[in-house]
Amino acid sequence: MRKIFFILVSLNILLLASCDDGDIITTELDFDNNFEVCASGRDLVFFKTKNEPSESLSLKVANLSLADLIAVDEFGVFIDTLNITTTNIFNYRTYRNATLPSDLFCNAIPNSNVSITQDVESTSGTAPIKTILTEDDDDGISIELDVDINNNNDTDGDGLPNFIDADDDGDNVLTKDENPDPNGDGNLDDAQDTDEDGIPDYLDADDDGDGINTRDEENDSQNQNPADDITVNGLPDYLNKDVANLNTPAATAFREHLISQNYVITVQIKDIDLELISLDTFNFGVLNNSITTSSRRVVPEFR
Ligand SMILES: [Ca+2]
Ligand SMILES: [Ca+2]
Ligand SMILES: [Ca+2]
Ligand SMILES: [Ca+2]
2 MRKIFFILVS
12 LNILLLASCD
22 DGDIITTELD
32 FDNNFEVCAS
42 GRDLVFFKTK
52 NEPSESLSLK
62 VANLSLADLI
72 AVDEFGVFID
82 TLNITTTNIF
92 NYRTYRNATL
102 PSDLFCNAIP
112 NSNVSITQDV
122 ESTSGTAPIK
132 TILTEDDDDG
142 ISIELDVDIN
152 NNNDTDGDGL
162 PNFIDADDDG
172 DNVLTKDENP
182 DPNGDGNLDD
192 AQDTDEDGIP
202 DYLDADDDGD
212 GINTRDEEND
222 SQNQNPADDI
232 TVNGLPDYLN
242 KDVANLNTPA
252 ATAFREHLIS
262 QNYVITVQIK
272 DIDLELISLD
282 TFNFGVLNNS
292 ITTSSRRVVP
302 EFR
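Per the working numbering, the sequence shown runs over residues 2 to 304.
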């Protein structure tokens, strides 16, 4: 009789097939680290597939939505542990198909071209899920430098820490447009400093040193964008110390900020029993899906 055992070695599963003649055949199930998800009614199916040989691992989850997966708390974290049951079933399948179709899961009508050769399931175990949200201002400064270089997590005091503040000095000119790293080498020593006062433009409230704050140099249109107020020579007034119009109304609002969001959603499979297969812990991987990237818009309170 042919017996099949699975053991966990590091992050990989090794398939040991003990044949009648005593030979041991070892096959590595080397799924990559990503998994996918599809919604079916009120249920989700987490799945991952591979070819050569064609195999899949899947977990059906009842009463969980894609929105639930990114409903993080104030610290940007969502944690849940799903029970693998007769409702939430974990499956390992092998297929006769040389290449698996992209619509393998979540079809109301199963793909008639798919031929399953082996289908084993576990109705016990758990599936811990963890989501971690990271946000960035995409301002051209790494998150690490955005925090450290200023020794002040919120330079302009607008409530947005520098690593998610696209306008670090609150002058209504985006940091990425104030040339914080002209040669793009990650070293900010060459940051643009128009008035040469030792404070780079992206941290300087008065870039040209004419005594008028940059955000107040909107001589043409008061639209929270000093970059489009140009009086002479094609140079924005906020960078031209020879243009300082004291009659221009002072700024009354901050510009809108766009903050990008990235959700890293990981799933583990613990203590499953696939008939002849048992696993303590298997890293199902990181979700690859469009819901993991998003953004939010903020207009900081003016101060
Ligand atoms: Ca800020
Ligand atoms: Ca700025
Ligand atoms: Ca300066
Ligand atoms: Ca100025």
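For glycine and all other residues, C-beta sits at the position ideal for the given N, C-alpha and C.
Predicted model only: the values in this text are computed from it and were never measured.
Using only the heavy atoms of ligand 3, determine whether one of them is closer than 8 Å to the beta carbon of residue i.
| i | result |
| --- | --- |
| T1 | Because the chain here runs from 2 to 304, residue 1 falls outside it and cannot be looked at. |
| T195 | yes |
| P201 | yes |
| D186 | no |
| D190 | no |
| D198 | yes |
Tell me the residue span of the alpha helix (DSSP H) that contains residue i.
| i | result |
| --- | --- |
| A68 | L67 to L70 |
Run the proximity test for residue i: is its beta-carbon closer than 8 Å to any non-hydrogen atom belonging to ligand 4?
| i | result |
| --- | --- |
| N35 | no |
Near residue i, what residues of its chain come up, given a Cβ to Cβ distance below 6 Å and the 5 sequence neighbours on each side ignored?
| i | result |
| --- | --- |
| C39 | V46, F106 and C107 |
| D157 | D170 and G171 |
Using a Cβ-Cβ cut-off of 7 Å (strictly less than) and excluding sequence neighbours within five positions of residue i, which residues of its own chain qualify?
| i | result |
| --- | --- |
| R97 | S116 and T118 |
| D34 | Correcting the residue identity first, residue 34 is Asn in this sequence and not Asp. Hits under 7 Å: G286 and V287. |
| N209 | Before going further, note that residue 209 is Asp rather than Asn in the sequence given. Result list for D209: T195, D196, Y239, L240, N241 and K242, in chain order. |
| D24 | Reliability fails at D24, whose pLDDT of 34 lies under 50, so the model's placement of it is uncertain and the value that follows must be treated cautiously. No residues qualify anywhere along the chain. |
| T86 | T124 |
Please confirm whether any heavy atom of ligand 1 lies closer than 8 Å to the CB of residue i.
| i | result |
| --- | --- |
| T156 | yes |
| D159 | yes |
| N163 | yes |
| D205 | no |
| D169 | yes |
| D166 | yes |
Could you spell out the range, first to last residue, of the beta strand (DSSP E) harbouring residue i?
| i | result |
| --- | --- |
| A128 | T127 to D137 |
| R94 | F91 to Y96 |
| A40 | N35 to S41 |
| T58 | Going by the sequence as given, residue 58 is Leu instead of Thr. Per DSSP, L58 belongs to the beta strand (DSSP E) from E56 to V62. |
| D44 | D44 to K51 |
| S123 | I117 to S123 |
| I74 | According to the sequence shown, residue 74 is Asp rather than Ile. Neither: D74 is in no beta strand (DSSP E) and is coded neither H nor E. |
| T267 | H258 to L275 |
Is residue i helix, strand or coil by DSSP?
| i | result |
| --- | --- |
| S291 | helix |
| L146 | helix |
| L105 | coil |
| L16 | Residue confidence for L16 is low, a pLDDT of 43 falling below 50, so the modelled location carries little weight; the figure read from the coordinates is stated next. Strand. |
| L240 | helix |
| G23 | Reliability of the predicted coordinates at G23 is poor, the pLDDT of 33 falling under 50, and the value obtained from them is presented with this limitation in mind. Looking at G23 - three-state DSSP - the assignment turns out to be coil, as it is neither helix nor strand. |
| N84 | strand |
| G286 | strand |
| R304 | coil |
| L247 | coil |
If you measure from the CB of residue i, is any heavy atom of ligand 2 nearer than 8 Å?
| i | result |
| --- | --- |
| L70 | no |
| E179 | yes |
| D172 | yes |
| L45 | no |
Quick one: residues in its chain with C-beta nearer than 8 Å to the C-beta of residue i, no 5 flanking neighbours on either side, listed in chain order?
| i | result |
| --- | --- |
| N112 | P102, D104 and L105 |
Checklist line | Residue ranges of each beta strand (DSSP E) within the segment 150-230, 3 or longer | finding: If one requires a minimum length of 3 residues, no beta strand (DSSP E) run lies completely within the segment 150-230.
Check: What residues come near ligand 5, if near means a beta carbon less than 5 Å from any of its heavy atoms?
Finding: Absence of ligand 5 is noted for the structure shown, with ligand 1, ligand 2, ligand 3 and ligand 4 being the only ligands found.
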